[in-house]
Structures are given as structure tokens and as C-alpha cells.
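Just so you know, the sequences run in chain order A and B. So in the working numbering, spot 69 of the first sequence is number 365, and the numbers just go up one at a time. So in the working numbering, spot 194 of the second sequence is number 490, and the numbers just go up one at a time.
Protein chains: 2
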Amino acid sequence: MLEKYKEIIDEALLKYLDSLPSYTIYDPIKYMVNLGGKRFRSSLTLLASDLYGGNPNLAIKEAMAVELFHNFTLVHDDIMDQATLRRGQQTVHEKWSTNDAILSGDLLYALVNQILIESQSLNQSIHSVFHKTAIEVCEGQSLDMIFEEKNEVSEEEYLKMIKLKTAVLVACALKMGAMVGGATETDAQFLYNFGINLGIAFQIHDDILDAYPVGEKFGKKIGGDILEKKKTLMFISMLNQLSKKEKIHVNSLYESNDIKDKEIVNQIKVLYDKYGVLDLAIRRKDNYHTEAISNIMQTSLNERSKEVLVMFAENLMNRNY
Amino acid sequence: MLEKYKEIIDEALLKYLDSLPSYTIYDPIKYMVNLGGKRFRSSLTLLASDLYGGNPNLAIKEAMAVELFHNFTLVHDDIMDQATLRRGQQTVHEKWSTNDAILSGDLLYALVNQILIESQSLNQSIHSVFHKTAIEVCEGQSLDMIFEEKNEVSEEEYLKMIKLKTAVLVACALKMGAMVGGATETDAQFLYNFGINLGIAFQIHDDILDAYPVGEKFGKKIGGDILEKKKTLMFISMLNQLSKKEKIHVNSLYESNDIKDKEIVNQIKVLYDKYGVLDLAIRRKDNYHTEAISNIMQTSLNERSKEVLVMFAENLMNRNY
Chain A
297 MLEKYKEIID EALLKYLDSL PSYTIYDPIK YMVNLGGKRF RSSLTLLASD LYGGNPNLAI
357 KEAMAVELFH NFTLVHDDIM DQATLRRGQQ TVHEKWSTND AILSGDLLYA LVNQILIESQ
417 SLNQSIHSVF HKTAIEVCEG QSLDMIFEEK NEVSEEEYLK MIKLKTAVLV ACALKMGAMV
477 GGATETDAQF LYNFGINLGI AFQIHDDILD AYPVGEKFGK KIGGDILEKK KTLMFISMLN
537 QLSKKEKIHV NSLYESNDIK DKEIVNQIKV LYDKYGVLDL AIRRKDNYHT EAISNIMQTS
597 LNERSKEVLV MFAENLMNRN Y
Chain B
297 MLEKYKEIID EALLKYLDSL PSYTIYDPIK YMVNLGGKRF RSSLTLLASD LYGGNPNLAI
357 KEAMAVELFH NFTLVHDDIM DQATLRRGQQ TVHEKWSTND AILSGDLLYA LVNQILIESQ
417 SLNQSIHSVF HKTAIEVCEG QSLDMIFEEK NEVSEEEYLK MIKLKTAVLV ACALKMGAMV
477 GGATETDAQF LYNFGINLGI AFQIHDDILD AYPVGEKFGK KIGGDILEKK KTLMFISMLN
537 QLSKKEKIHV NSLYESNDIK DKEIVNQIKV LYDKYGVLDL AIRRKDNYHT EAISNIMQTS
597 LNERSKEVLV MFAENLMNRN Y
């Protein structure tokens with residue numbers, strides 16, 4: 297459904313990458329952006345601009361800034377997570393080096409700022425939304441790192457983390473597009489709230505797909521989150537319900553070096569089933585989804601436009617990739 | 297001479313750091329900024345604003361952005377250079393971790409953007425100067441990293457590198473201050489050029505002090521550049537003049553594990569003396585300095601103001617720290 301916006305963005309990004317200097321430090325940037333992706337955040341910027349102002353192209357710089365900022369965070373997150381693969385290909389720090397990944401990431405962020413300042417719709421409040429969001433995304437990544445080391449994370453803490461790490465950028469993408477399109481402040485805020493709720497639902501859906509994939513998955517390990525002991529809603533809910541004996545068993549699973557990855561995932565999923573954590577995650581996701589729809593309904597958009605946003609949210613929640 | 301501006305900046309930074317959240321990811325930022333420093337870049341912003349508009353405080357956000365951006369680059373550069381000390385204290389990645397240094401650096405850069413957008417003198421061209429500079433600083437750091445691995449670096453390449461890595465931020469600091477103060481475009485450009493020439497002279501002076509320190513030095517190793525085989529003007533000039541036999545000797549100095557650091561520095565400095573590289577470096581520095589003064593003379597500033605800038609440049613070139 298967002299296909300036409302993705303095309304606009306891919307074309308603009310391609311043209312932009314071509315315009316960059318040939319210094320070697322730009323190579324990792326070109327590589328990373330060319331790895332592709334759904335461009336879903338930036339498509340939302342164009343969609344919102346389209347719905348409010350009838351012209352997606354007006355918000356192209358904002359959309360590019362959102363997409364490239366997202367890519368910047370991925371380059372640095374991959375270093376911090378010691379990830380070797382991204383979209384089935386080598387991560388930047390693997391293909392080049394950690395130093396190159398740090399510096400090309402910094403450079404990419406600097407380019408983002410330049411793109412944003414070149415926007416036709418130079419508007420202090422649009423830029424404020426973006427820069428505040430960038431700060432929050434860093435805070436979210438920090439919480440994510442802290443939670444990895446922490447034994448106990450509450451559901452509330454987890455939700456706060458994914459709100460900052462993921463949802464605020466989705467919300468920012470929508471709000472910037474709406475503002476460029478000429479939405480009222482009230483409507484722009486409804487779009488922002490829609491993005492927050494949608495982004496949280498999106499992340500919970502991602503977590504579910506990681507443990508319960510549908511069909512073949514590309515470039516990702518099944519149960520990767522479980523193996524990383526990632527404190528997702530499901531993992532947290534399981535931990536909270538384990539008996540003493542099961543807790544010891546779970547700890548031994550992670551401490552042992554003899555147990556195969558597949559076996560760890562299977563055993564944890566037995567406990568997931570026992571404690572109904574999938575149902576809980578789906579319930580939470582549905583709640584955020586419902587909340588997101590209600591945000592749309594409160595806007596002053598016409599019925600057709602509301603329907604577009606609702607359909608988009610449905611599609612996102614039914615994806616199996 | 298810039299003492300009064302440094303005081304304004306230190307006070308503003310202190311107040312700003314106090315206003316930041318207490319999340320742990322802000323701790324490295326507070327630590328780094330509190331390590332102090334000459335605040336010379338940001339003082340130049342206030343000075344330029346003062347000379348043109350009569351009010352340094354107008355440019356306080358721009359000055360803070362310059363100073364904090366500089367700190368951001370130091371945090372990431374220290375990771376890349378595997379530096380353990382900064383201003384005689386542990387570097388961020390040593391005190392915390394590489395991940396914390398990457399992420400708190402990113403966060404600091406995001407904060408810089410927020411500060412800049414909050415400036416009263418919201419002006420697209422001022423921001424463009426800043427973001428373009430940020431890009432160039434990354435390019436300069438990239439060249440610096442490449443030159444470390446490269447056996448032959450020309451004087452021209454070295455000068456391009458320090459221009460990007462160091463001088464453009466000095467130039468940007470001056471130009472932004474001038475623009476906020478209301479300078480004409482022509483004058484703002486003269487100040488920019490002054491900054492470029494001053495910045496290059498500043499870096500050459502730094503290189504000289506590293507090999508030929510005056511008095512006691514704090515937190516830095518004497519001849520640190522020589523030990524890192526840094527391709528400074530002096531090192532490049534020496535390499536270009538070595539006999540075949542001396543080349544072999546120099547290579548053996550760096551390849552041996554038995555020779556003490558002090559001995560390496562001494563032996564390289566014997567060759568520095570033989571080939572008069574200190575004189576060459578001083579000559580180059582003086583040329584850039586003279587060029588910088590001529591940039592000032594071309595501005596429309598009154599004689600008193602010109603004198604202030606000339607005196608400032610003199611002080612900077614006569615410092616022994």
C-alpha cells in the first residue's frame with residue numbers, strides 16, 4: 297500500500313547517494329542504505345504529507361532524514377550488539393571495522409542534519425520534533441543495553457524502552473509529514489500519538505515473529521531474541537510466572553555450553569506455551585493497535601484518509617516478515 | 297584575553313549539564329564536558345558576535361553547540377585512537393565502555409542539534425555552516441585514520457587533513473558568531489577564512505609543542521606524535537629527506553620491541569634537527585598566521601576590533617600548552 301511512497305524514497309535516496317563524494321568513508325554509508333529495507337518510517341512521512349497537503353514530495357527531505365537517521369542508528373546499534381548480519385548481509389563493522397562503522401555513522405548523522413536544514417519547509421517546530429526524537433532514540437538504546445545486563449525488567453520498563461527506541465521515530469515520521477502537509481497542531485499531535493501506539497504494537501509484533509515466525513525468514517535466526525535472553529514482553533511474563541525449579545532450569549539452559557541453540561529455543565518455548573505468554577503479547581499488541589486506530593479517528597481527516605491510515609496499520613500488524 | 301567569554305560559556309555549560317536528565321547514559325557527557333578545556337572555539341563565537349553586534353550572549357547557543365560538538369568528536373576520536381587519557385583523566389571508553397562512549401557520543405551530538413535549533417537567531421544559513429562543518433570534521437578524521445596506515449603522506453595531504461579535522465570548526469565558530477552579530481556576508485566569510493588559517497597554524501603549533509614542549513606538560517606524553525608515527529609536517533619533511541640508510545634505521549626503530557619510547561623520540565629528533573624540520577614547521581605556521589592576519593585586515597571592523605583579533609591570534613601562537 298505504501299509502495300508508491302517507497303518508490304519515491306528509493307529514487308530520492310539513490311540520487312542522493314550518487315551525489316555523495318567518493319571518499320572511502322562514504323562507502324559504508326552507500327552500502328548500508330543500499331541494503332534496502334521497507335522504508336516504512338519514511339513512507340509514513342510522505343503518506344502524512346499527502347493526506348494533509350495532497351503532495352507527498354513536499355516532505356521528501358524530512359522523509360530522507362528519517363530514513364537515513366534510522367540507518368545511522370542501525371550502524372551504531374550493530375556495533376553495540378556485536379551483530380554480524382543485517383538484512384542477510386555483513387554489518388558495516390564486520391565488513392569494514394569498528395572505527396569505520398563509528399565514523400561513517402557519525403558522518404551519516406551529520407548528512408541527515410544537512411538534508412533536514414535544506415528542507416523547503418524550514419520550520420523550527422518540525423526540526424524540534426526531529427531532534428527531540430533523536431535524543432529519545434539514544435535514551436531508548438541505552439535502556440535496551442542496560443536491560444540486557446539486568447536480571448529483572450518489568451513490563452512497564454520494557455514498554456518504555458521500546459517506546460523510546462522504536463515508537464518515537466515512527467511518531468516523529470508521521471508528525472513531520474503532517475506538519476509539512478499543513479495539519480493543525482492538534483491533528484499533528486494525534487498523528488504523533490498514532491505513531492507511538494503503532495510503533496509499540498509494531499515492536500511487539502516483531503518480538504512475536506522472532507519466536508513464532510510465519511513461513512521462511514531471511515537473514516534472521518529463529519528465536520534469536522530468546523538466545524540473546526532479550527527481555528521481551530513474552531520473556532518477562534514467563535520469568536514472572538516460573539516456579540523456583542523452573543527458574544533454576546532456565547538459568548542452567550543459559551549457563552550450559554553443551555546445549556544446542558535450537559534446544560534452548562524449544563525449551564523456552566515450552567514454558568512460553570505453559571504460561572500463555574504469546575496470548576498476552578497478542579493482547580497487548582491488539583490494545584496498542586486499537587489505541588492507534590482511535591487516535592486516527594480523532595483527527596479532522598476525511599473518512600477516506602482515515603481509512604487509508606487504518607488499512608496501513610492493519611497491514612503492518614498482519615505482516616509475517 | 298578570552299577569559300570573559302570562557303566564563304560565560306563555562307557558566308552556560310554548567311547550567312545546561314544540570315538541566316539534563318539523570319539517566320546513566322548522560323553521565324559520560326557530564327564527565328566529558330566537566331573535564332574542562334580552553335573553550336577556545338566557543339569563545340571565538342562569542343567574541344565574533346561581540347565585535348559585530350556588541351553582545352556576546354546573543355550567540356550563546358551557537359557557542360555551546362560548537363563546544364559540545366567538539367566534545368562529541370573527542371569522545372568518538374578517543375575510541376578510534378584507543379586513547380586512554382584525555383586532559384590527564386580517563387577517556388570515556390576507558391572509564392565506562394566502548395558501547396557507552398559510542399552511544400553517549402551520539403546522544404551528545406543529538407543534544408547539540410537541539411541546542412542549535414533553540415537558538416534565538418534561527419537562521420538557515422547559520423545552521424548550514426554548522427552542518428557542513430560537521431560533515432567536513434568527519435571527513436578529516438577519516439583522512440587522519442587513513443594516513444595512520446599509509447606510509448607516504450604528502451605535505452599537501454596533511455594540510456588538507458588538518459584543515460578538515462581542526463580548522464573548519466574554528467572557522468565555523470567565528471563565522472556563526474559574526475553572522476549572529478549581524479556581520480555582512482563578506483565579513484562573515486573573511487572571519488571564516490581567518491579561522492581556517494588560524495586553525496591550521498594552531499594545529500601546526502600543537503604538533504611542534506608535542507615534539508618540542510615548553511616547560512611541563514600535563515596529561516600528555518612528550519613526543520607522543522612521534523611514537524604514534526603521526527604524519528605531521530615535521531615527520532613528513534623528515535621522511536622526504538632521509539638517506540636510504542637512515543630510512544632503514546627509522547623503520548628498525550619502530551619495528552623493534554627493545555627500544556625504549558624515550559630513545560625512539562630522541563633518535564627521531566636527532567633527524568628532525570639534521571633536516572631542519574622544526575624551522576620548516578615554524579615557517580609554515582608563520583605563513584598561515586600572516587594569512588590569518590591579512591583576512592582580519594580585509595574586514596570592515598574598526599581598528600580596535602581588528603586589534604583584538606590580531607592579539608588573540610598572537611596569544612594563541614605564543615601559548616606553550
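C-beta: ideal position from N, C-alpha, C; glycine also. Note that the structure is a prediction, hence the values are computed from the model and not measured.
{"Item": "Hey, how far is the Cα of C434/A from the Cα of F490/A?", "Value": "21 Å"}
{"Item": "Going along the chain, which residues of the stretch 464-486 of chain B sit with their C-beta nearer than 7 Å to a C-beta in chain A?", "Value": "none"}
{"Item": "Compute the beta-carbon to beta-carbon distance between A463/B and G495/B, rounded to the nearest angstrom, for a pair I have assumed lies under 8 Å.", "Value": "3 Å"}
{"Item": "Identify the continuous alpha helix (DSSP H) that holds S548/B and give its terminal residues.", "Value": "K540 to E551"}
{"Item": "Let me know if L625/A comes out buried or exposed under the rule of 16 or more other beta-carbons within 10 Å of its beta-carbon.", "Value": "Because chain A is modelled from 297 through 617, residue 625/A falls outside the range shown and cannot be assessed."}
{"Item": "To the nearest angstrom, how far is the alpha carbon of H545/A from that of V573/A?", "Value": "18 Å"}
{"Item": "When you check each C-beta in the stretch 383-405 of chain B against every C-beta of chain A, which residues fall closer than 7 Å?", "Value": "N395, I398, L399, D402, L403 and Y405"}
{"Item": "Report yes if the CB atom of V329/B is closer than 8 Å to the CB atom of L309/B, and no otherwise.", "Value": "yes"}
{"Item": "For Q563/A, which residues from the same chain have a beta carbon less than 7 Å from its beta carbon, with the 5 sequence-adjacent residues on both sides left out?", "Value": "L549"}
{"Item": "Since K602/B is in the alpha helix (DSSP H), which residue starts that stretch and which ends it?", "Value": "E599 to N614"}
{"Item": "Of all the residues that make up the stretch 569-585 of chain A, which are near chain B by a beta-carbon distance shorter than 9 Å?", "Value": "none"}
{"Item": "Quick one: list the residues of chain B neighbouring I321/A, beta-carbon separation under 8 Å, in chain order.", "Value": "C434, E435 and S438"}
{"Item": "Just mark E358/B as buried or exposed, buried being the case when its beta carbon has 16 or more other beta carbons within 10 Å.", "Value": "buried"}
{"Item": "Have a look at the DSSP bridge pairing and note the partners of Q386/A.", "Value": "L381/A"}
{"Item": "Go through its chain and collect everything with a Cβ distance to D396/A's Cβ below 8 Å, but skip five positions before and after it.", "Value": "I321, P324, V388 and H389"}
{"Item": "Taking C-beta to C-beta, are M457/B and D483/B nearer than 8 Å?", "Value": "no"}
{"Item": "Would you say M457/A lies against chain B (beta-carbon separation less than 8 Å)?", "Value": "no"}
{"Item": "Report the residues of the stretch 407-435 of chain B with a CB closer than 7 Å to any CB of chain A, ordered along the chain.", "Value": "L407, N409, Q410, I413, L418, Q420, H423, S424, H427, K428, A430, I431, C434 and E435"}
{"Item": "Express the C-alpha separation of F498/B and A609/B in angstroms, rounding to a whole number.", "Value": "9 Å"}
{"Item": "Measuring alpha carbon to alpha carbon, tell me which residue in G332/B, D346/B, D502/B and K541/B is nearest S601/B.", "Value": "D346/B"}
{"Item": "Rounded to whole angstroms, what's the CA-CA distance from K461/A to V604/B? Just pull it up for me.", "Value": "48 Å"}
{"Item": "Report the rounded CA-to-CA distance for F531/A versus S552/A, giving the unit in angstroms.", "Value": "19 Å"}
{"Item": "Is R579/B near the ligand FAD - that is, is its Cβ less than 7 Å away from at least one heavy atom of it?", "Value": "Among the components modelled here there is no ligand, and therefore nothing to report on the ligand FAD."}
{"Item": "The stretch 323-350 of chain B: which residues have C-beta closer than 8 Å to a C-beta of chain A, in chain order?", "Value": "none"}
{"Item": "What residues of chain A sit near I375/B, judged by a beta carbon separation below 9 Å?", "Value": "T394, N395 and I398"}
{"Item": "Quick one: which unbroken alpha helix (DSSP H) runs of 4-plus residues sit fully inside the stretch 347-379 of chain A? Chain order, please.", "Value": "356-376"}
{"Item": "Decide if I375/B is buried, meaning its Cβ has at least 16 other Cβ atoms within 10 Å, or exposed.", "Value": "buried"}
{"Item": "Helix, strand or coil for Y301/A per DSSP?", "Value": "helix"}
{"Item": "Tell me whether P509/A sits in a helix, a strand or coil according to DSSP, three-state version.", "Value": "coil"}
{"Item": "In chain A, which residues lie less than 8 Å from H372/B when you measure between Cβ atoms?", "Value": "I398, L399 and D402"}
{"Item": "Is it buried or exposed, Q437/B, if we count other Cβ atoms within 10 angstroms and call 16 or more buried?", "Value": "buried"}
{"Item": "Give every residue of the same chain whose Cβ lies closer than 6 Å to the Cβ of A479/A, excluding the five residues on either side of it in the sequence, and list them in chain order.", "Value": "Y348"}
{"Item": "Does DSSP classify P324/A as helix, strand or coil?", "Value": "helix"}
{"Item": "Determine the DSSP secondary structure at A467/B, reduced to helix, strand or coil.", "Value": "helix"}
{"Item": "Does the Cβ of I413/A have 16 or more other Cβ atoms within 10 Å, making it buried, or fewer, making it exposed?", "Value": "buried"}
{"Item": "Any beta-carbon of chain A closer than 8 Å to the one on M360/B?", "Value": "no"}
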